[in-house]
Amino acid sequence: MNKNISIVEVGPRDGLQNVSHTLTFGQHVKLIKALASSGLHEIEGGSFVRPDKLPSMAHTKDIATYFKGSDLSLWYLVPNQKGLKLALEQGVQKIAFFTAASKTFNEKNIGMNLNESLQIIRSCFDDLKQQGYSFLPHWTDLTNDEKKVKIRLYISTVIACPYQGPLDPSVTLDILEKLKDLPIAQYSLGDTLGVGTPKTWKSLLSLLPQTYLNLNRIAMHCHDTYGCALASIAEGLNYGITTFDSSIGGLGGCPYAPGATGNLATEDLVYFLNKEGFETGVDLEKLLTVFGTETTGTLCNVSKVYQAFS
66 MNKNISIVEV
76 GPRDGLQNVS
86 HTLTFGQHVK
96 LIKALASSGL
106 HEIEGGSFVR
116 PDKLPSMAHT
126 KDIATYFKGS
136 DLSLWYLVPN
146 QKGLKLALEQ
156 GVQKIAFFTA
166 ASKTFNEKNI
176 GMNLNESLQI
186 IRSCFDDLKQ
196 QGYSFLPHWT
206 DLTNDEKKVK
216 IRLYISTVIA
226 CPYQGPLDPS
236 VTLDILEKLK
246 DLPIAQYSLG
256 DTLGVGTPKT
266 WKSLLSLLPQ
276 TYLNLNRIAM
286 HCHDTYGCAL
296 ASIAEGLNYG
306 ITTFDSSIGG
316 LGGCPYAPGA
326 TGNLATEDLV
336 YFLNKEGFET
346 GVDLEKLLTV
356 FGTETTGTLC
366 NVSKVYQAFS
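Residue numbers (the numbering used here): 66 to 375.
Okay, here's the thing in structure tokens:
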């Protein structure tokens, strides 16, 4: 079993997009810097969406400008070709697209059906190719060559949908099959409602070896609504998954998933992995100092590990 684990910190984007308190630009920058100083290297910076739709992401362009040319290369969510254009203008090299396994969730979340959603993703790839961009696999480090990009795809509601209920794993596999010709570095499979358990994740993960994908191209994105996220992570580890998404302080949720609470807290994930003998490169002591007035304002930290050490 591979003992080296990669954590993708989604707090500065996914974590902030569904909280009532909007951080200032300065707080947003300090949050990202503090996360990086703890040893996290894969961090979401923001989302190139309409500010009137997600005011918490209004600083995204400024965030990208601020970190452009720095040693820290951030991930940015891009919803469509317009968002892609804005991201590329800022020199963004780590680009994340998204869709959902659930037909109804796609319609509620982005106003289009699954096939339309996948076509948007294809159109974005076409734009990148026409502009001369090349695509790197997830294990390759980016250079200062702005014509090289790395692509991540979020597939949400892989376990269940708030409108359709439980989803058959074959739905997710069908999406993976439809996109197999695209140079996507990594797929992040999301349990948007946080209803996943080791059993339900096993029903999906056990089918992945049947696909064209090496498991190092798969990440698990667990929400901890019912307290089963770490148990699900353990199941993922048994199947050879080595990348997991988490959010500082458990920040997050989804504005289009009623009842879904926060993401798995990064503090809890790092503590768990450390105790299980895995290497993350993250300094837990430094991580526990990230949450505070200068970085997260008045937001509440729901991490059990944070509370235990406080």
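Ideal Cβ placement from N, Cα and C applies to all residues, glycine included. Just so you know, these numbers come straight off a predicted model, no measurement behind them.
Exposed or buried, which one is Gln-195 when buried takes at least 16 other CB atoms within 10 Å? With fewer than 16 other Cβ atoms inside 10 Å of its own Cβ, Gln-195 counts as exposed.
Going straight from the alpha carbon of Leu-238 to that of Leu-247, what length do you get? Distance between the alpha carbons of Leu-238 and Leu-247: 15 Å.
Straight-line CA distance for Glu-211 to Lys-168? Straight-line Cα distance between these residues: approximately 35 Å.
Less than 9 Å between the beta carbons of Ser-253 and Tyr-219, yes or no? Ser-253 places its beta carbon less than 9 Å from that of Tyr-219.
Rounded C-beta distance between Asp-289 and Gly-259? I'm assuming under 8 Å. Asp-289 to Gly-259, Cβ: 6 Å. Contact.
Leu-316 versus Ser-375 - alpha carbon distance: Note on geometry: alpha-carbon atoms of Leu-316 and Ser-375 lie some 18 Å from one another.
Is the beta carbon of Glu-172 sitting closer than 9 Å to the one on Asn-180? Inclusion of Glu-172 and Asn-180 in the CB contact set at 9 Å is not warranted, their separation being larger than that value.
What do you reckon, are the CB atoms on Val-94 and Tyr-131 nearer than 9 Å? A contact, by the Cβ cut-off of 9 Å.
Is it right to say Pro-144 is buried, meaning 16 or more other beta carbons lie within 10 angstroms of its own, or is it exposed? By the neighbour-count rule (16 or more Cβ atoms within 10 Å), Pro-144 is buried.
State buried or exposed for Arg-78, treating a residue as buried only when at least 16 other CB atoms are found within 10 Å of its CB. Looking at its Cβ environment, which holds 16 or more other Cβ atoms inside 10 Å, Arg-78 is buried.
Which residues does DSSP list as the beta-bridge partners of Ser-253? Its beta-bridge partners are Tyr-219 and Ala-284.
Is Pro-231 near the ligand PLP, with its Cβ less than 8 Å from a heavy atom? Among the ligands in the structure shown, none appear at all, so the ligand PLP cannot be discussed.
Using the C-alpha atoms, what's the distance from Asp-117 back to Pro-227? The alpha-carbon atoms of Pro-227 and Asp-117 are separated by roughly 24 Å.
Which residue or residues does DSSP assign as beta-bridge partners of Thr-164? Within the DSSP bridge table, the entry for Thr-164 names Ile-220 as partners.
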